[in-house]
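S.K.: In this note's numbering, the protein residues as written are 47 to 181.
Every residue, glycine too, gets a C-beta built ideally from N, C-alpha and C.
Starting off with a structure, shown below.
Structure below.
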């Protein structure tokens with residue numbers, strides 16, 4: 047299993063899209079974890095006080111874990127996970143809109159997550175359909 051994780055032999059194109067998405071959110075989570083003030087500055091959110099920066103770091107840690115899950119599932123060609131991600135990722139823009147409307151998340155953060163998740167969902171969906179049309 048570890049060898050498959052390192053080499054990604056037999057990885058489908060749709061699993062590759064899941065892996066790439068995992069790398070993207072792993073990088074974002076790492077930046078949020080180690081540089082929360084930089085992260086909020088890029089998003090156009092005001093500076094964080096110490097407790098808020100620590101909560102932002104905690105979110106970064108959770109996003110890193112999710113990124114690792116996507117990377118491992120993509121590298122191991124976990125078709126069930128790829129399909130499950132097609133069910134989950136289109137819901138992110140709806141959830142972000144609700145969190146923004148309830149003033150729980152700032153608009154720029156909700157928008158960034160929505161665009162990123164929905165664009166990656168479309169990429170995986172198009173690739174998934176192309177693979178399953180052929181077979």
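Put residue 122 into one of helix, strand or coil per three-state DSSP.
M.R.: coil
S.K.: Residues in the same chain with beta-carbon distance under 6 Å from residue 139, minus the five sequence neighbours each way, listed in chain order, please.
M.R.: Closer than 6 Å at Cβ, skipping near neighbours: 160, 164.
S.K.: Exposed or buried, which one is residue 82 when buried takes at least 16 other CB atoms within 10 Å?
M.R.: buried
S.K.: In chain order, what residues of the same chain lie with their CB nearer than 8 Å to the CB of residue 153, ignoring the 5 residues before and after it?
M.R.: 146
S.K.: Residue range of the alpha helix (DSSP H) that residue 65 falls in?
M.R.: 59 to 80
S.K.: On the three-pair Cβ rule with 8 Å, is the stretch 111 to 126 touching the stretch 81 to 98?
M.R.: no
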